[in-house]
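Undergrad: Got a structure for you, questions after.
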Amino acid sequence: MAESTPVAEEKRESLRLAKNYTYDKWRDALGVPVHKGYYIQDLRTVELGYWKERDCRAAFIQLSGMEGISEVRVTEIAPGETLRPWKLAVDEIVYVLSGRGLATVWRGEGDDRKSFEWQPHSLFVLPRNFTHQISNTQGDRPVRLMHYNYLPIAMSAMPSPQFFFNNPYDPTQDGAETSSLYAEAKVVQRGDDPGWNPYYWYGNFFPDMQAWDKLAALTARGAGGRSVQIQFPDSEMSCHMSVFDPFLYKKAHRHGPGRAIVIPGGEGYSVLWEEGRDKIVVPWQEGSLFTPPENWFHQHFNLGSAPARYLALHPLKQFHGYSERIEDRDRQQIEYPNEDPSVRERFAAELGKRGLNSLMPDEAYRDPNYQWGK
Ligand SMILES: [Fe+2]
1 MAESTPVAEE KRESLRLAKN YTYDKWRDAL GVPVHKGYYI QDLRTVELGY WKERDCRAAF
61 IQLSGMEGIS EVRVTEIAPG ETLRPWKLAV DEIVYVLSGR GLATVWRGEG DDRKSFEWQP
121 HSLFVLPRNF THQISNTQGD RPVRLMHYNY LPIAMSAMPS PQFFFNNPYD PTQDGAETSS
181 LYAEAKVVQR GDDPGWNPYY WYGNFFPDMQ AWDKLAALTA RGAGGRSVQI QFPDSEMSCH
241 MSVFDPFLYK KAHRHGPGRA IVIPGGEGYS VLWEEGRDKI VVPWQEGSLF TPPENWFHQH
301 FNLGSAPARY LALHPLKQFH GYSERIEDRD RQQIEYPNED PSVRERFAAE LGKRGLNSLM
361 PDEAYRDPNY QWGK
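Using the working numbering, read the sequence shown as starting at 1 and increasing by one per residue.
Structure below.
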């Protein structure tokens, strides 16, 4: 058997660090701004540039923990304008940051079209291999959309970027039908783990994630949290949104990379850290975006006077990690009695700056099985 040598190790390390992903090369050649870092304070105001192929203003966002796995980009549509039709070979989630408009999707020659209207905080999916066209229906303000998809990993497996755009493949060969798109979401029973949401919602259009109130208790992560779990039909894409009350914070936990967390409403901060390393504080508000890097702990804190909500768009299941299995929680989640006291001290200090106090019950710091609301 060949032995590993120092030279080979060095080469391997440089290859590992190079991250020469096909997606990155394709994206960087477009000349559109690419924003990097741990978070974006407000996607509604992030700097955009002109994207010639799409004839619109746009920006790509590549946060630490998304590289090679998931794409986030922001598209702006000028008042009253309609983007030219476009077709992607991967499913894409769209979240409406601001503005109102109309989307039309069709397959093949377009004999069978489906149109729907959307508004701020709408969430919908543009199905792979369907052509879509998006319009801003307001004449006095631009629209901003956030797009999320798996193009980076797809382009690593198929390193021919143009394969993914306006490919003539006809989705009817997969049995795809236009008639079932954008119907009202349905609720489906999922697992029986008492700590987690027992239902998921199955649909590809959710009109307003800021107003969505069909939530179920998610006790395992603390802070009296509720959530909605969403699975998109005929797709491996999924997401969830968590809602938790003022002046509380959730338990720290960690899992795989590639999630995009966007804030539909609320005010607070999250802390991201790799075990034993410095902590990154992410202040958030409506329109903020952040991604916990792979296996970094993260913890969410509500400083606002209203329930906070965060919408987490999931990477492929291969990247989920295991923190949601009961047997893994000891390693992947920090219960309140076990957390570093500086966590609650920082929270109290932030609230104190606003003349407010934490509503975290003392009992939660003593009893790891503390049951919220009982
Ligand atoms: Fe998480």
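Each residue gets a CB set at the ideal place from its N, CA and C atoms; glycine is no exception. These numbers were taken from a predicted model, which means no experiment stands behind them.
Tell me the DSSP secondary structure of Tyr-95 in three-state form.
TA: For the purposes of this step, residue 95 is taken as residue 95 along the sequence shown, with counting starting at 1. Looking at Tyr-95 - three-state DSSP - the assignment turns out to be strand.
Undergrad: Sorted by chain position, which residues of the same chain lie with C-beta nearer than 6 Å to Glu-117's C-beta, five sequence neighbours on each side aside?
TA: Against the sequence shown, residue 117 aligns to sequence position 117. Contacts found: Leu-102.
Undergrad: For Met-66, does the three-state DSSP call read helix, strand or coil?
TA: Position 66 of the sequence shown, counted from the start, is the residue given in the question as residue 66. Here Met-66 sits in coil by DSSP.
Undergrad: Got a sec: does ligand 1 put a non-hydrogen atom nearer than 7 Å to the Cβ of Pro-120?
TA: Mapped onto the sequence shown, residue 120 falls at position 120. Flag unset: Cβ of Pro-120 not near ligand 1.
Undergrad: Express the C-alpha separation of Trp-212 and Lys-52 in angstroms, rounding to a whole number.
TA: Translated into the one-based positions of the sequence shown, residue 52 becomes position 52. Translated into the one-based positions of the sequence shown, residue 212 becomes position 212. Their Cα atoms are separated by approximately 36 Å.
Undergrad: Does ligand 1 have even one heavy atom less than 7 Å from the beta-carbon of His-240?
TA: Indexing the sequence shown from 1 puts residue 240 at position 240. For ligand 1, not one heavy atom lies less than 7 Å from the Cβ of His-240.
Undergrad: Helix, strand or coil for Asn-338 per DSSP?
TA: As a working mapping, residue 338 is identified with position 338 in the sequence shown. It is helical.
Undergrad: Would you report the Cα separation of Leu-215 and Ala-78, rounded to the nearest angstrom?
TA: By 1-based counting over the sequence shown, the position of residue 215 is 215. By 1-based counting over the sequence shown, the position of residue 78 is 78. Each residue's Cα considered, the two are about 35 Å apart.
Undergrad: How about Pro-292: is its Cβ closer than 7 Å to a heavy atom in ligand 1?
TA: On the sequence shown, residue 292 is found 292 positions in, with the first residue counted as 1. Yes; taking the cut-off as 7 Å, the Cβ of Pro-292 has a heavy atom of ligand 1 nearer than that.
Undergrad: Is His-298 near ligand 1, in the sense that its beta carbon is under 7 Å from a heavy atom of that ligand?
TA: In the sequence shown, counting from the first residue as 1, residue 298 sits at position 298. Yes.
Undergrad: How should Asn-338 be labelled, buried or exposed, when 16 other C-beta atoms within 10 angstroms of its C-beta is the threshold for buried?
TA: The count along the sequence shown starts at 1 and reaches residue 338 at position 338. It is exposed - the Cβ of Asn-338 has fewer than 16 other Cβ atoms within 10 Å.
Undergrad: Quick one: is Gly-355 buried, meaning 16 or more other Cβ sit within 10 Å of its Cβ, or exposed?
TA: Counting from one through the sequence shown, the residue named residue 355 turns up at place 355. Under this definition Gly-355 is an exposed residue.
Undergrad: In this structure, does DSSP put Pro-315 in helix, strand or coil?
TA: The residue given as residue 315 occupies position 315 in the sequence shown. Note: Pro-315 maps to coil in three-state DSSP.
Undergrad: Nearest CA to the CA of Asp-140: which residue from Gly-49, Ser-98, Tyr-249?
TA: Working through the sequence shown from its first residue, we reach residue 140 at position 140. When each option's Cα is compared against that of Asp-140, the closest is Ser-98.
Undergrad: Taking Gly-304 as the reference, give the member of Val-72, Ile-93, Ser-358 with the closest Cα.
TA: The count along the sequence shown starts at 1 and reaches residue 304 at position 304. Residue Ser-358 is the option with its Cα nearest to Gly-304.
Undergrad: Using a Cβ-Cβ cutoff of less than 7 Å, which residues in the same chain neighbour Met-1 once the five nearest sequence positions on both sides are dropped?
TA: Taking the first residue of the sequence shown as 1, we reach residue 1 at position 1. At Met-1 the pLDDT is 41, less than 50, meaning the model places this residue with poor confidence and gives no usable figure here.
Undergrad: Short of 6 Å in beta carbon distance, which residues of its chain neighbour Leu-123, apart from the five on each side in sequence? Order them along the chain.
TA: Stepping through the sequence shown from its first residue, residue 123 is reached at position 123. The answer, listed in chain order, is Tyr-95, Phe-206, Met-209.
Undergrad: Please name the residue or residues paired with Ser-242 in a DSSP beta bridge.
TA: Working through the sequence shown from its first residue, we reach residue 242 at position 242. Per DSSP, Ser-227, Tyr-310.
Undergrad: Buried or exposed: Ser-4, going by 16 or more other Cβ atoms within 10 Å of its Cβ?
TA: Here residue 4 corresponds to residue number 4 of the sequence shown, with the count starting at 1. Note on Ser-4: pLDDT 45, under 50, position unreliable in the model; the coordinate value appears next. So Ser-4 ends up on the exposed side.
Undergrad: Tell me, which residues are paired with Leu-88 by DSSP?
TA: Residue 88 sits at position 88 when you count from the first residue of the sequence shown. BP columns for Leu-88 point to Phe-165.
Undergrad: Touching or not, the stretch 155 to 173 and the stretch 119 to 135, by the rule of three or more beta carbon pairs under 8 Å?
TA: They touch, by the three-pair rule.
Undergrad: Mind checking whether the beta-carbon of His-320 lies closer than 7 Å to any heavy atom of ligand 1?
TA: The sequence position of residue 320 within the sequence shown is 320, counting from 1. Answer for His-320: no, Cβ out of range of ligand 1.
Undergrad: Below 7 Å, is the gap between the Cβ of His-314 and the nearest heavy atom of ligand 1?
TA: Your numbering for residue 314 matches position 314 in the sequence shown. Flag unset: Cβ of His-314 not near ligand 1.
Undergrad: Put Tyr-249 into one of helix, strand or coil per three-state DSSP.
TA: To locate residue 249, count along the sequence shown from 1; it is residue 249. DSSP places Tyr-249 in strand when its eight states are reduced to three.
Undergrad: Using a Cβ-Cβ cut-off of 7 Å (strictly less than) and excluding sequence neighbours within five positions of Pro-161, which residues of its own chain qualify?
TA: In the sequence shown, residue 161 corresponds to position 161, counting from 1. Excluding positions up to five away in sequence, the list reads Thr-22, Trp-26, Met-155.
Undergrad: Pick helix, strand or coil for Glu-345, following the three-state DSSP scheme.
TA: Counting from one through the sequence shown, the residue named residue 345 turns up at place 345. The answer is helix: DSSP assigns Glu-345 an H, G or I state.
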